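Residue numbers (this note's numbering): 806 to 916. Single-structure report; data block below.
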């Protein structure tokens with residue numbers, strides 16, 4: 806019998822909060838959309854989106870909810886989409902969603 810070996814270097818922590826997202830080719834004011842965070846680790850985050858993106862795309866995230874410790878400023882994350890999976894998880898009929906895995910590239914404060 807084969808034994809499954811975990812390839813991740815860090816444990817994921819389940820979370821639930823809304824993340825503001827935009828593509829680096831646009832400004833946050835031009836093309837902002839929402840994502841729903843599912844889990845996070847020191848190296849990345851999993852989101853659910855109702856918008857088309859592609860593996861390899863860069864994405865910017867603005868996290869305003871405190872994750873572990875309350876902070877004064879939102880966190881700005883630049884990341885790269887490493888995983889994309891279509892799911893049927895949105896309540897409105899006919900809407901499609903994607904689950905994406907984002908690898909963190911740079912993390913800083915925003916504001």
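All residues carry an ideal CB built from backbone N, CA and C; glycine is no exception. These numbers come from a predicted model, not from an experiment.
For residue 815, same chain residues with a beta-carbon under 8 Å away, outside a window of 5 residues either side, are 846, 847, 848 in chain order. Beta-bridge annotation (DSSP): residue 857 is not paired with any residue.
Taking residue 823 as reference, the option from 857, 885, 851 with the minimal CA-CA separation is 851. Taking the Cα positions, residue 825 is about 14 Å away from residue 907.
Apart from sequence neighbours up to five positions away, the residues of its chain that approach residue 827 with a beta-carbon distance below 6 Å are 833, 836, 837, 865, ordered along the chain.
Here the alpha carbons of residue 861 and residue 903 stand approximately 15 Å from one another.
Residue pairing by DSSP places residue 844 opposite 819, 851 in a beta bridge. In the structure shown, residue 889 falls within a strand segment according to DSSP collapsed to helix, strand and coil.
In the structure shown, residue 906 falls within a strand segment according to DSSP collapsed to helix, strand and coil. In the DSSP annotation of this structure, the continuous segment of the beta strand (DSSP E) that includes residue 866 starts and ends at 863 to 868. Just so you know, the alpha carbons of residue 856 and residue 880 end up roughly 22 Å apart.
Its chain contains 841, 842, 843 as the residues whose beta carbon lies nearer than 8 Å to that of residue 821, once the 5 sequence neighbours on both sides are disregarded; these appear in chain order.
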